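Anchor point for the sequence shown: position 106 equals 565 in my numbering, and the numbering is continuous, going up by one each time. Glycine included, each C-beta is placed from N, C-alpha and C at the ideal position. Model, not experiment: these values are computed from the prediction.
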Amino acid sequence: MKTPGTQFGNEGSAAPPTGCLTAREAAGPPKSRESVHRGPETPPAGNRLGFTLIEILAAMTILIVIVFLLGNLFTQSTAIWKLGTKRAYGLGEGRAVMEFLTRELSQSFADEVVTFRLRSNNNDPFQGYGAHWVYGWEVDEVYFISAVRTPDPPYSGMRREAPHYIYFVSNMVDTNNQPIANRFRLVRCRKTGSAQSGMDSAYFNKDWWQEYNPGVVYTSVNEEMETVAENVAAFEIWAFSEGTGGYEPGYYSLDQGNKLPLWVDLWLEMLSEEESIQMAALWAADENAAKAFLHKHTRRYAARVYFPNRLGYSR
């Protein structure tokens with residue numbers, strides 16, 4: 460028996476329930492043969508994963524530039540640090556030399572017995588060991604006696620011990636003690652011991668420095684040359700005379716009322732080790748280029764020295 464409203468179409472086919480889809484309707488419209496074999500569609504560019512070759516090359520280029528800039532910055536920083544360290548060391552060395560020389564020179568004395576001598580522009584460098592010319596400039600030599608102390612009792616009646624000092628410029632020497640051409644050093648000769656020895660004593664010989672032989676080392680008296688500073692480019696001393704009211708290039712206390720100068724001005728020029736080697740080679744090849752190099756690289760030091768013992772001391 461048929462129930463009205465429960466069938467449609469072919470006889471025996473049941474009508475689908477209201478709101479339900481058949482399998483064909485759920486699958487949607489049929490796909491063409493081309494769409495079946497084409498595969499999935501390419502997603503939009505904004506949704507892709509990874510980088511293109513151009514993007515990788517651009518990133519590598521930027522990275523290389525950054526590494527190069529950092530390396531260059533590190534190299535320049537290292538060079539600046541080394542240059543600053545070298546200059547600081549050089550400045551400290553020069554100041555130490557000037558302080559050392561100033562301290563010894565300020566303790567000198569002169570009277571009717573003991574003499575003080577400054578030799579400038581001389582044609583007879585000290586005992587043949589001194590340098591006459593240093594890079595085209597004449598250098599000075601100074602000879603003086605420095606008071607140390609009064610002997611202790613029971614020797615208080617003796618004269619004060621008086622070291623004898625000589626400062627001059629000489630060639631630097633190599634490991635075999637041979638002079639190095641166009642390289643110079645500031646040298647000190649010192650004689651210590653009794654002030655009552657023979658003709659090499661300032662108490663018995665007013666020209667006592669002429670008795671010195673810095674090439675000989677004695678058992679009791681050491682006259683060996685001591686290097687005070689290396690790589691010297693100039694050494695000048697100016698002595699101001701009370702008698703003439705001006706600077707005397709060859710100050711000799713015997714000619715100045717047996718007195719020390721009112722003061723002396725010291726001038727020292729130095730190079731670094733590397734600059735001194737370059738200067739020696741340049742001076743041998745081209746003196747004009749060497750002078751320009753010297754003007755640019757030399758370090759200059761100046762000091763004025765006064766004499767506490769100028770008006771006398773207790774012998």
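Membership of S735 in the alpha helix (DSSP H) is indicated by the continuous run 732-744. For V598, there is no enclosing beta strand (DSSP E), as DSSP gives it neither H nor E.
Measuring C-alpha to C-alpha distances from E689 to each of K718, V628, K665, N717 identifies V628 as the nearest.
Sixteen is the threshold: since fewer than 16 other Cβ atoms of the shown chains lie within 10 Å of the Cβ of V524, the residue is exposed. Residue environment analysis places Q566 among the buried positions, since at least 16 neighbouring C-beta atoms fall within 10 angstroms of its C-beta.
Straight-line spacing of the CA atoms in I515 and L529 works out to 21 Å.
For I525, DSSP assigns no beta-bridge partner whatsoever. By DSSP's assignment, K650 forms a beta bridge with H623. Residue pairing for D724: DSSP places it in a beta bridge opposite W697, R763.
Between F694 and L645, the gap from beta carbon to beta carbon is short of 8 Å. For V632, same chain residues with a beta-carbon under 7 Å away, outside a window of 5 residues either side, are P638, I639 in chain order. Excluding residues up to 5 positions away in sequence, R642, N690 lie with their Cβ nearer than 7 Å to the Cβ of S735 in the same chain. The way I'd put it, the stretch 752-770 does touch the stretch 715-728; three or more beta-carbon pairs between them come closer than 8 Å. At a Cβ-Cβ threshold of 8 Å, A661 and T574 count as neighbours. For A661, the secondary structure class from DSSP, reduced to helix, strand or coil, is coil. F559 is the residue among E685, A621, F559 whose C-alpha sits nearest the C-alpha of A762. G589 is the residue among A569, G543, V572, G589 whose C-alpha sits nearest the C-alpha of R578. For E571, the secondary structure class from DSSP, reduced to helix, strand or coil, is coil. At a Cβ-Cβ threshold of 8 Å, H623 and K650 count as neighbours. Counting the other Cβ atoms within 10 Å of the Cβ of L522 gives fewer than 16, which makes it exposed. About 5 Å separates the beta carbons of Y626 and R647, which is inside the 8 Å limit, making them a contact pair. By the CB criterion at 8 Å, L727 and G553 fall inside the cutoff.
Here T686 carries a strand assignment [DSSP, helix/strand/coil]. Just so you know, the alpha carbons of E707 and K750 end up roughly 27 Å apart.
Under the three-state reduction of DSSP output, N630 falls in the strand class. Per DSSP, the beta bridge partners of M729 are V691, R758.
Taking 8 Å as the cut-off, the Cβ atoms of A569 and S700 do not count as close.
Residue pairing by DSSP places L516 opposite no residue, since no beta bridge is assigned to it. The three-state secondary structure of R644, taken from DSSP, is strand.
Under DSSP, the beta-bridge partners assigned to W592 are E597. Around the Cβ of F603, a 10 Å sphere holds 16 or more other Cβ atoms; the residue is buried. Remark: C-beta atoms of V601 and I696 approach each other more closely than 8 Å. The continuous beta strand (DSSP E) containing L577 extends over residues 576-578.
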